[in-house]
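Working notes, beginning with the structure itself.
Numbering (this note's numbering), first residue to last: 1091 to 1324.
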C-alpha cells in the first residue's frame, strides 16, 4: 500500500474525492482504500469492510467468463423463484446472446441461490445478483454491453437488464427488473428478457437500498433460485 501511495496509484481518486468534499464545504475528508476499493464515503464500519472482503472472495470463485451454455438460435425461459412467489421471464438469447449465456451459466451454477434482493426502489427497479448483499459483489470477469444489438428500450415495466459499475462492458453478475418505464437507462444497459408472469411478485418486494445506509442492512426478500430452460418447440 505504501508503494502504491508513493507511485501515485490512487492520486486521481483521492483528488476527485477531495474536490467533492470541498464542494460540500468540507475542508478535510480522508480517503479510505480497502483491497484496492475506494470506499464511497469515509467509514470504518466493520459491516461495510466485511462486505468488501466477501466480494473479493466471490471474485476468486468466478475468475473467467463462462463457456457457452445456450444457443442464440433457441428460445429460453427463466423461473425466478422468490419467497414472495415465482417470476417467469422470457430471455432474449438472440438479441443479447452473451448476456443470456452468462445469466444461464450463473443460474445453473447456483450463484443466485438463497441471496437477497439487495436494492429495491419502488417505481424504479428491483435488483439482485450479489451474494454479499452489499452491491459490491460479483464475478471477477465482466461481459460486453449488448444494448447496441437491438432497438429495445426501457419503455415499460417488467424488463430484465444487467447492472454494471457505470463503465463500458463492466456487467457481471448483478441484474434488475424495471418497475416502470425508465428512459434514462436507454443506450446504457443491456435488456435481455421480459417478465411473462409474476410482475405482481416483483412489485411486492420489500424496499431496500444499501447504498444509502452506513451499516449493513438486514437482508431483503430472498431470491431462492433461478431455473433456466429452453422453451420447447411447438
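Ideal Cβ positions, reconstructed from N, Cα and C, are used throughout, including at glycine.
For residue i versus residue j, is the C-beta distance shorter than 9 Å?
i, j, result
"residue 1310", "residue 1253", "no"
"residue 1232", "residue 1186", "no"
"residue 1318", "residue 1168", "yes"
"residue 1285", "residue 1242", "no"
"residue 1300", "residue 1225", "yes"
"residue 1295", "residue 1172", "yes"
"residue 1272", "residue 1214", "yes"
Enumerate in chain order the residues of its own chain whose CB-to-CB distance from residue i is below 7 Å, with the five nearest sequence positions on each side excluded.
i, result
"residue 1195", "1156, 1159"
"residue 1212", "1269, 1297"
"residue 1234", "1188, 1259"
"residue 1262", "1228, 1229, 1231, 1232, 1233"
Is it right to say residue i is buried, meaning 16 or more other beta carbons lie within 10 angstroms of its own, or is it exposed?
i, result
"residue 1192", "buried"
"residue 1308", "exposed"
"residue 1134", "Unreliable positioning characterises residue 1134 in this predicted model, as indicated by a pLDDT of 48, which lies under 50. A coordinate reading is not provided."
"residue 1217", "buried"
"residue 1322", "exposed"
"residue 1153", "exposed"
Between which residues of its own chain and residue i is the CB-CB distance below 8 Å, once the five residues before and five after are set aside?
i, result
"residue 1204", "1312, 1313, 1314, 1315"
Please tell me whether, using a cut-off of 8 Å, the distance from the CB of residue i to the nearest non-hydrogen atom of the ligand GTP is below it.
i, result
"residue 1193", "No copy of the ligand GTP appears in this structure; indeed no ligand is present at all."
Who pairs with residue i in a beta bridge, going by DSSP?
i, result
"residue 1166", "1181, 1320"
"residue 1315", "1171"
For residue i, collect the residues of the same chain with a Cβ closer than 6 Å to its Cβ; drop the 5 residues on either side in sequence, then sort them by chain order.
i, result
"residue 1113", "none"
Inset, instruction - Tell me the start and end of each unbroken alpha helix (DSSP H) in the region 1248-1306 that is at least 4 residues and wholly inside, in chain order. - result: The region 1248-1306 contains these whole alpha helix (DSSP H) runs: 1289-1293.
Legend entry - Ranges of the alpha helix (DSSP H) found wholly within the region 1170-1218, counting only runs of at least 4: If only uninterrupted alpha helix (DSSP H) runs of at least 4 residues are considered, those enclosed by the region 1170-1218 are 1187-1198.
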